[in-house]
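Working notes, beginning with the structure itself.
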Amino acid sequence: MNTLGSQFRTATLALCAAGLFASSQAMAMPIAAPDQVSPIVLAASDCYAIGQQVAEQNGGTLAKASQSTRGGQPVCVIVVLVPGKDGQRPRRSEIVVPQN
Numbered sequence: 039m040n041t042l043g044s045q046f047r048t049a050t051l052a053l054c055a056a057g058l059f060a061s062s063q064a065m066a067m068p069i070a071a072p073d074q075v076s077p078i079v080l081a082a083s084d085c086y087a088i089g090q091q092v093a094e095q096n097g098g099t100l101a102k103a104s105q106s107t108r109g110g111q112p113v114c115v116i117v118v119l120v121p122g123k124d125g126q127r128p129r130r131s132e133i134v135v136p137q138n
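According to our numbering, the sequence shown holds residues 39 to 138 in order.
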């Protein structure tokens with residue numbers, strides 16, 4: 039029984055050491071970047087940032103920012119809610135901005 043226990047203990051220690059070695063090797067290796075970046079995700083974040091700037095310039099709040107293609111060119115369609123005058127409802131303003 040002692041022999042089986044010591045063999046089991048040795049095997050367990052060997053597996054733990056192998057796991058630690060493998061995890062340290064995985065951490066040491068550089069993370070590979072994907073070859074092709076999805077343009078939709080990048081454009082969505084760009085349109086949102088552009089929308090924030092447009093809303094700030096117009097004194098309103100950003101309601102929607104989406105990517106579209108018009109005339110073969112990528113554009114951002116920005117919807118800004120501009121506060122109404124004298125307590126009236128906010129005015130919806132749609133602005134199309136080139137993505138570049």
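Backbone N, C-alpha and C fix where the C-beta goes; we use that ideal spot for every residue, glycine too.
Keep in mind it's a predicted model, so treat the numbers as computed, not measured.
Report the partner residues of residue i according to the DSSP bridge assignment.
i    : result
P112 : T107
V120 : R129
T99  : L119
Can you tell me whether residue i is helix, strand or coil according to DSSP?
i    : result
P136 : strand
R129 : strand
Between residue i and residue j, which are expected to be in contact by the criterion C-beta below 8 Å, what is the C-beta distance as a whole number of angstroms?
i    : j    : result
C4   : Q137 : A query on residue 4 cannot be resolved here, the shown segment of the chain reaching from 39 to 138 and no further.
E132 : V115 : 7 Å
V139 : G97  : Not covered by the structure: residue 139. The range shown for the chain is 39 to 138.
V92  : V118 : 6 Å
R130 : G122 : With 8 Å as the limit, R130 and G122 do not qualify as a contact, their Cβ atoms being about 11 Å apart.
Below 7 Å, is the gap between the Cβ of residue i and the nearest heavy atom of the ligand ZN?
i    : result
G122 : In terms of ligand content, the structure shown is empty, and the ligand ZN therefore cannot be addressed.
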